[in-house]
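Notes to accompany the following structure.
Protein chains: 2
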Amino acid sequence: MAVTIRDVAEKAGVGLGTVSRTLNGAAHVRAATRARIEAAMRELGFQPNPHASNLKRATATTIGFFFSSSHHRPLSDPFFSTLMSGLADEATAQGYDLLVASAPADGGELEKLERFVAGGRVSGVILTDTRINDTRVEFLRKAGTPFVAFGRVKPASAAPCIDVDGRLGVETAVKHLFARGHTAIGLIGLPEDLTCAADRVEGYRLGYAHARRKVDEHAIVMGCLTESDGSRATEALLSLPKPPTAIIACSDVLALGALRAIHQRGLEVGRDLALVGFDDIPLAAHTSPPLTTLHQPIYAIATDLVRMLIKRINGEPVARKVIKPELIERESTARPAGSLRGSP
Amino acid sequence: MAVTIRDVAEKAGVGLGTVSRTLNGAAHVRAATRARIEAAMRELGFQPNPHASNLKRATATTIGFFFSSSHHRPLSDPFFSTLMSGLADEATAQGYDLLVASAPADGGELEKLERFVAGGRVSGVILTDTRINDTRVEFLRKAGTPFVAFGRVKPASAAPCIDVDGRLGVETAVKHLFARGHTAIGLIGLPEDLTCAADRVEGYRLGYAHARRKVDEHAIVMGCLTESDGSRATEALLSLPKPPTAIIACSDVLALGALRAIHQRGLEVGRDLALVGFDDIPLAAHTSPPLTTLHQPIYAIATDLVRMLIKRINGEPVARKVIKPELIERESTARPAGSLRGSP
DNA sequence: CGTAGAATTGGAAACGTTTCCAAATCGTTC
DNA sequence: GAACGATTTGGAAACGTTTCCAATTCTACG
C-alpha cells in the first residue's frame, strides 16, 4: 500500500493537519516544522493521492479538452495537433492535468460532455471550433462549468474566448490580391455552422466593397475542412465561365487541396494563378510554391487558453481576446496579375 | 450539493450497497429492484462521483497518454493527431478517460511520468516513439504500471507493443525501386535513438543484399522528423558525386521536405527522380505527384493500443503485434528508371 | 408446509485527504 | 512573570463511494 499523509505525520512527529497544510502552500506552519515534514516526505517517497484530495475538495486540478471527432476538421489537420500540444504543455506547466475526450458532433456529444463535467471530473473545459448556436456552449453555461473557447462564443457573457479576426484576415488578403492587380478572386469557405465561417466571407465582401467591385456570388464556394474539399472547390472555381485569377482558401489544408487541383489542370500556382491560405501550418512554408497565408499563432493561443481557463476557474475576470491574423507573403502570390500567363 | 448514492438509496427504498451494485454491473440485484433504483437515479439526475470511487478502488478508469513534446517529431505531424484521435475515440468508447501529458525528452520526463502514475492517477499508460534504452520503459516497469507502446519495447517482457515492421517496409520499397530499374537509392533515416530507426536502415541493407548490390554508405543520411530535415537531407543526397535516382524517406513529413528540395533543384519527382515515403498520412495522396509510401494504419493502431492496454490493466495476457506496412504505389515512383530524364 | 441452499439485501467500515475548531504554544508588553 | 493576542498545532469529522459480512428473503424440493 502506498505511503499516506498519516505515515508522514507519524514519521515527522506531527499531526495530520500540519502535514496537509504543508502540502497546500504551507500557510500557518513553522519553517522548522515544515522542513521536518518535507524531509519525512522525501524519505518515505510520499505522493499525495489525488483522488482523496479531489473527493474532499469536490473538484480536480484537471482541464478538459473536448473536440468533435468527425465534424469537419480531418483528424490529421496539423492545426489540431499543434493546439493539442500547446494545451498539454501549458496545462502540465501549471500543475493541471489535461483530460481529453472526443465525440461526433452529431451524436452523443452532450452526453459525453456531461460525463466529463459530472462529479467534478474536470474543473474547466476548453472548446474549439465553436459553432453558431453551439449546444455545447449552452450546456456548459447551464451547468455552471467554467470554460473558454477557441472561436467566438455567442452570448458573450457565457465565457471568454480567443477569436482570430477572420474578417480582417480575409479582407487583408483580398486587398493584397487587388493590389497585385487581380480582379477576380475565388473564395473557398468553411462549413457554415462554424462561427468563423461567416466572418471570413464577410471579410471577403468587405475587401470587394473597399475596391468598389461587385462580388461574383459563384466565386464563393463553401467547403469543409479536408484537403479533398479544397480540390473539389477549386475544380468548381476553375470551371466557372469566368474563372478567378486568384483563390483564397479559408484554411491551409483546403489550400493544399487547391494546390493539387490547380496542378492537375496543368496550371502552376504563382505563375498562372495566385493562392492564399489561412492558418500558416508549418507545411505552408514548404509547399511548392510556398504558400502566402494568414498566420494564426495556434500554439500560443493554446497556452493562452489554458491560462485564461485557470483564471476563470479561480474566479478572476477574463476578457475575450481577438487576434489579428498576419498575412505572410510567400511565392504563391508573388507575381502581379498582369504578368500571369493567360492574363489579358 | 450534488445528489449522492445515498439519496438514490433513500428514494428507491433500498440500501447503499444495492445501489452501488446496480452501478457496477448489477450483479446480485433483482431485476425489479434494479429498475426501481435506475428510475430513482434518472429522476434525481444522479451522477456517480468518480473521485470517491477512484479513492475507494485505489485506481481510476483513466488511460494516460504520454508524449515527448520537443523530441524530434514536430508538433504538427499529422501522424500525431491521428494517433491522438484514435486514442480519444476508443478510450471514450470503452468508458475510460484519456489523460494527456507532454514533456521534453531531455528534461523532467520521468518526473512528469511519476506524477502521472502516482496515486493511481491513471490505470495504465500509452507510450509512443519508443527509444533504444528507453528510460520511460524502465521507469514504468519498475513502478509496476501497466503500459503498452507504439514502437518496439526492449525487454519484451516489460510490456506488449505494436510495432510496424519497418525493416520489411523499407526492404519492400527498395525491391520495388530496384524492380523499376533504379540502381542507386538514397535513404533518409530517422533519429538514431528511436527503436524503429535501425530497423528501417536494416531493411534498406536487406533490399540491397537481396539484389546483390553494394550499399553506398554516403547514400544513407540520418535526419530528424521535420519537413526541413527532409529538405536538408535531400540536398545532401543530390549533391553526392553520384546522386541517387530514387530516395526513400522514413516518414512522409521527411518526404514532403524531399519533394520541395527536389523541386527547388528544378527537378521533378516522378519524372527525374523517384520518391517513397513512410506513414501514408492523408496528405500523401494529395501531393504532386502523389506519393508512393508505406502505409501504417495509425488510427487503427491507436484504437488497438487502447484495447490492449485495457486488457493489460485487467490482467489478461496480451501479445505484442507486428504490423506489415503496405506499399501504396502512387505516381512518385510510377516511371521506370530507364525512362527518367538524365538516365543513362 | 418445512427446510436447505442460493440469491439478494442492508449497512458499517474504510479509502486518504481537507477542514474546522479547540487546544497549545509563542512572542510581546506591561 | 503575568496576561494577552497571534500563531501554530492536533485530530475528529466528512467527502461519496466500494466492499465485506451477516442477515434476510427467495426457490425448489421432499
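Protein sequences appear in the order of chains D and Y.
Our numbering numbers the first residue of the first sequence as 2 and each following residue consecutively.
Our numbering numbers the first residue of the second sequence as 2 and each following residue consecutively.
Cβ coordinates follow ideal geometry from the N, Cα and C atoms, glycine included.
- ALA174 of chain D has its alpha-carbon roughly 24 angstroms from the corresponding atom of PRO242 of chain D.
- Contact between the region 226 to 236 of chain D and the region 196 to 216 of chain D is absent: fewer than 3 CB-CB pairs across the two stretches fall below 8 angstroms.
- DSSP, reduced to helix, strand and coil, places ARG336 of chain D outside both helices and strands of the structure shown, so it counts as coil.
- HIS52 of chain Y places its beta carbon 8 angstroms or farther from that of GLY65 of chain D.
- Pairing SER124 of chain Y with VAL4 of chain D, the inter-Cα distance amounts to about 18 angstroms.
- For MET42 of chain Y, DSSP records no beta bridge to any residue.
- Shown here, VAL222 of chain D sits in a strand according to DSSP, grouped into three states.
- Within the same chain, and ignoring the five residues on either side of ILE127 of chain D in sequence, the residues whose Cβ sits closer than 8 angstroms to its Cβ are ILE64, GLY65, PHE66, PHE67, LEU88, PHE148, VAL149, ALA150, PHE151, LEU306, VAL307 and LEU310.
- Beta-bridge partners assigned by DSSP to ARG132 of chain Y: Y:LEU195.
- Within chain D, ALA119 and GLY120 have C-beta atoms less than 7 angstroms from the C-beta of GLN48 of chain Y, given in sequence order.
- Against ASN25 of chain D, chain Y offers no close residue; the least beta-carbon distance is about 15 angstroms (beta-carbon pairs closer than 7 angstroms).
- Distance between ALA28 of chain Y and GLY170 of chain D, taken at the CA atoms: about 59 angstroms.
- Taking the Cα positions, THR62 of chain Y is about 31 angstroms away from ALA159 of chain D.
- A direct Cα-to-Cα measurement between LEU207 of chain Y and ALA275 of chain Y gives close to 20 angstroms.
- With contacts defined by Cβ atoms closer than 8 angstroms, ALA220 of chain D and LEU260 of chain D do not form a contacting pair.
- Three or more Cβ pairs closer than 8 angstroms define a contact, and the region 274 to 291 of chain Y meets that threshold against the region 246 to 262 of chain Y.
- For GLY109 of chain Y and GLU139 of chain Y, the gap between their C-alpha atoms comes out near 15 angstroms.
- Around the C-beta of GLU44 of chain Y, fewer than 16 other C-beta atoms lie within 10 Å, and the residue is accordingly described as exposed.
- Within the region 284 to 333 of chain Y, the complete alpha helix (DSSP H) segments at least 4 residues long are 299 to 314, listed from N- to C-terminus.
- In the DSSP secondary-structure assignment, CYS162 of chain D is bridged to D:ALA150.
- Taken atom to atom, the span from the alpha-carbon of ARG142 of chain Y to that of HIS264 of chain D is near 52 angstroms.
- Judged by DSSP secondary structure, LEU276 of chain Y falls within the beta strand (DSSP E) whose first and last residues are 275 to 280.
- The three-state secondary structure of GLY120 of chain Y, taken from DSSP, is helix.
- For GLU172 of chain Y, the number of other beta carbons within 10 angstroms of its own is at least 16, and it is reported as buried.
- Using a Cβ distance threshold of 8 angstroms, ALA104 of chain Y and ASP98 of chain Y do not count as a contacting pair.
- LEU292 of chain Y sits away from ARG266 of chain Y, with the two beta carbons spaced by 8 angstroms or more.
- With 16 or more neighbouring CB atoms inside 10 Å of its own CB, ASN50 of chain D falls in the buried class.
- Fully enclosed alpha helix (DSSP H) runs of no fewer than 4 residues occupy 79 to 94 of the region 62 to 114 of chain D, in order along the chain.
- What THR93 of chain D touches in chain Y, judged by beta-carbon distance under 8 angstroms, is ALA102, SER103, ALA104 and LYS113, going in chain order.
- Taking C-beta atoms under 8 angstroms as the contact rule, PRO318 of chain Y and GLN297 of chain Y fail to qualify, at a distance of about 25 angstroms.
- Under a criterion of Cβ atoms nearer than 7 angstroms, no residue of chain Y is adjacent to ARG153 of chain D; the nearest Cβ is some 23 angstroms distant.
- Against chain Y, the CB of GLY271 of chain D has no partner CB under 8 angstroms away; the residue lies outside that interface.
- Excluding residues up to 5 positions away in sequence, ASP281, THR293, THR294 and HIS296 lie with their Cβ nearer than 7 angstroms to the Cβ of ILE329 of chain D in the same chain.
- With a cutoff of 8 angstroms on beta-carbon distance, THR235 of chain D and HIS183 of chain D are scored as not near each other.
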